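Peer 1: Attaching a single structure in structure tokens format; questions to follow.
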Amino acid sequence: MKKLTVTVALMLTCGLGWAQTKNEEEPSYEARQLKVEEVNIVSSYYHQEGNNSAVTGGIGTEKLTDYANSFDLVLSKLDRKNRQHTFTADFNIDYYTSASSDKIDPLTISSASKSDVHVYPSLSWRVRNPRTRTTMGIGYSFSTEYDYTSNGFTAQWAKNSVDNNRELSLRASIFLDTWQAILPAELRPSNYGSGAENDRVRVDEKPRNSYNLAVSLSQVVNKRLHLMVIAEPSFQQGLLSTPYHRVYFTDGSLTTERLPGTRLKLPIGVRANYFYGDRMIVRAFYRFYADDWRMVAHTANLEVPVKITPFLSVSPFYRFHTQTAVQYFRAYGQHNPTLLYHTSDYDIGAITTHFVGAGVRIAPPGGIMGLRHWNSLELRYGHYVRSTGMTANILTLLVKVK
Amino acid sequence: MKMNTKRFLYGLSLLIVALSLPGCASVKEYQKSRINDSEMELAGRKAEKFETSFYLYREGASGANGGKSSGGCGCN
């Protein structure tokens with residue numbers, strides 16, 4: 001680990017050791033009033049099928065459908081010192097139905113979160129100073145579901161080299177979450193609520209906090225190649241298990257999922273984009289991940305946008321992911337009752353996944369259907385297969401107005 | 403973490419440094435028509451937003467991919 005620290009320090013030194021030449025970025029005159037940079041509207045439909053639900057102890061339906069919509073607005077203005085201020089407002093809303101959530105309380109007609117609406121808006125403000133080549137920003141995000149609330153705070157700082165070929169960026173985030181510990185019907189103590197809307201009996205509230213630090217260094221290598229390396233260590237503490245996940249022991253007894261109260265994660269990613277010839281771009285991504293629950297994972301993604309015309313591109317993509325199970329994972333009925341921690345959640349089990357699909361993007365110079373501000377339209381479809389037999393399909397539509 | 407994991411991380415870091423060093427040769431703004439193409443953007447793309455979310459829910463590994471890495475339940 002010491003060697004790794006030295007290497008990261010070397011990279012940062014390289015990143016900061018920029019030539020002190022004349023600043024060429026001083027803008028001349030630009031309008032200072034607030035203007036709309038862009039508006040993005042994203043809609044997606046996601047559906048999955050599988051038979052390893054953690055709610056029923058690692059067996060049972062994982063059927064889930066999610067309709068997600070996002071609207072973001074980006075505004076900018078220059079101040080008197082020629083600093084550029086960028087304001088982003090992002091509003092997201094998901095509606096999902098989950099067959100496994102319906103099994104939390106099979107005795108009732110409808111359980112606590114059989115279907116739910118997930119709302120998560122965010123606001124951010126960023127200032128770029130061309131004289132010092134630094135960007136600073138702060139952000140706030142909120143997320144609410146039936147049994148879960150999250151407040152997120154972000155601060156970021158970035159510095160560019162004089163020639164704009166290199167950027168070092170730091171982003172620190174804190175998420176302060178609270179959730180109701182809804183238990184499976186048969187495991188509720190007496191005088192403990194179901195969490196259902198019409199049930200006024202108490203349900204415990206538990207915290208889950210996450211602290212992230214993302215450090216990235218990007219580099220324009222030549223006229224066609226752009227690289228970035230990013231490390232994002234993260235520490236979580238609080239209730240990290242899901243209380244309504246069931247676990248079945250070898251002796252046939254039943255309890256709820258139990259996991260340690262802390263988790264330290266270390267993902268390191270490398271992104272490389274290469275413009276091949278005049279029409280093809282290769283977008284490659286690789287991530288190594290390890291955590292102190294003994295999960296090790298590798299993720300690779302390759303996307304190749306091909307410009308059929310200057311205004312129409314087709315982007316086939318393929319993503320591969322493999323991970324080892326956390327040390328507390330066992331399948332249905334295989335847990336040792338003497339052990340402290342246990343889960344049958346296949347999301348943190350040993351899995352290999354493949355995600356394949358394609359996107360089509362249209363961005364005519366005069367705008368879509370002649371509407372000048374309707375900058376582009378993108379449609380993407382992807383098919384996801386997990387080694388456990390779970391499959392999913394996702395369809396996404398993006399409308400960009402500029 | 404195991405020893406081979408540490409070696410892997412060390413090797414990966416060295417590779418990245420080696421790849422970055424030629425970048426010290428400056429590319430001028432007028433030479434960046436390809437680098438500035440919208441498809442060459444290094445940040446996560448808007449159209450991938452919900453794909454990144456479902457990876458976060460369906461897989462145990464997260465972070466370092468430009469997406470949100472925490473906050474929200476994702477337990478369904």
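Taken in order, these protein sequences are the chains called A and B.
Residue numbers for the first sequence, in the numbering used here: 1 to 402.
Residue numbers for the second sequence, in the numbering used here: 403 to 478.
Note that CB positions come from ideal geometry on N, CA and C, so glycine has one too.
None of these values were measured; they are calculated from a predicted model.
Classify Asp251(A): buried if its beta carbon has 16 or more other beta carbons within 10 angstroms, exposed otherwise.
Peer 2: exposed
Peer 1: So, for Glu453(B): in the same chain, excluding its five sequence neighbours on each side, which residues have a beta-carbon less than 8 Å away from its beta-carbon?
Peer 2: none
Peer 1: Using 10 angstroms around the beta-carbon of Gln180(A), count the other beta-carbons present and answer buried if the total reaches 16, otherwise exposed.
Peer 2: buried
Peer 1: Tell me, which residues are paired with Asn160(A) by DSSP?
Peer 2: As a beta-bridge residue in DSSP terms, Asn160(A) pairs with Glu167(A).
Peer 1: Using a Cβ-Cβ cut-off of 7 Å (strictly less than) and excluding sequence neighbours within five positions of Ile308(A), which residues of its own chain qualify?
Peer 2: In the same chain as Ile308(A), and ignoring 5 residues on each side of it, the C-beta atoms closer than 7 Å to its own belong to Val314, in chain order.
Peer 1: CA-CA distance, Leu168(A) and Lys159(A)?
Peer 2: Here the alpha carbons of Lys159(A) and Leu168(A) stand approximately 5 Å from one another.
Peer 1: Grab me the residues of Arg83(A)'s own chain with a C-beta within less than 6 Å of its C-beta, minus the 5 sequence neighbours each way, in chain order.
Peer 2: Val127 and Asn129
Peer 1: Quick one: does Leu458(B) have its CB under 7 Å from some CB of chain A?
Peer 2: no
Peer 1: From Val429(B) to Asn222(A), what does the alpha carbon distance come to, in whole angstroms?
Peer 2: 6 Å
Peer 1: Where do the ends of the alpha helix (DSSP H) carrying Tyr457(B) lie?
Peer 2: Its alpha helix (DSSP H) spans residues Lys451 to Arg460.
Peer 1: If the cut-off is 7 Å on Cβ atoms, which residues from the stretch 258 to 274 of chain A count as contacting chain B, listed in chain order?
Peer 2: Lys265, Pro267, Ile268, Gly269, Val270, Arg271 and Asn273
Peer 1: So what does DSSP say about Met136(A), is it helix, strand or coil?
Peer 2: Strand.
Peer 1: Once you ignore the five residues that flank Tyr289(A) on each side, which residues in its own chain have a CB closer than 6 Å to its CB?
Peer 2: Pro267 and Ala297
Peer 1: Taking 8 Å as the threshold, find out whether the stretch 350 to 367 of chain A comes into contact with the stretch 73 to 80 of chain A through three or more Cβ pairs.
Peer 2: no
Peer 1: Find the nearest neighbour of Arg386(A) within the set Ala99(A), Ser43(A) and Glu49(A), judged by alpha-carbon distance.
Peer 2: The residue with the shortest Cα to Cα distance from Arg386(A) is Glu49(A).
Peer 1: Going by alpha carbons, who is nearest to Arg436(B) out of Val401(A), Val399(A), Thr352(A) and Arg279(A)?
Peer 2: Arg279(A)
Peer 1: Grab me the residues of Gln236(A)'s own chain with a C-beta within less than 6 Å of its C-beta, minus the 5 sequence neighbours each way, in chain order.
Peer 2: Ser210 and Arg263
Peer 1: DSSP three-state call for Gln334(A): helix, strand or coil?
Peer 2: coil
Peer 1: Where Arg224(A) and Tyr276(A) are concerned, what is the direct C-alpha to C-alpha distance, given to the nearest angstrom?
Peer 2: 7 Å
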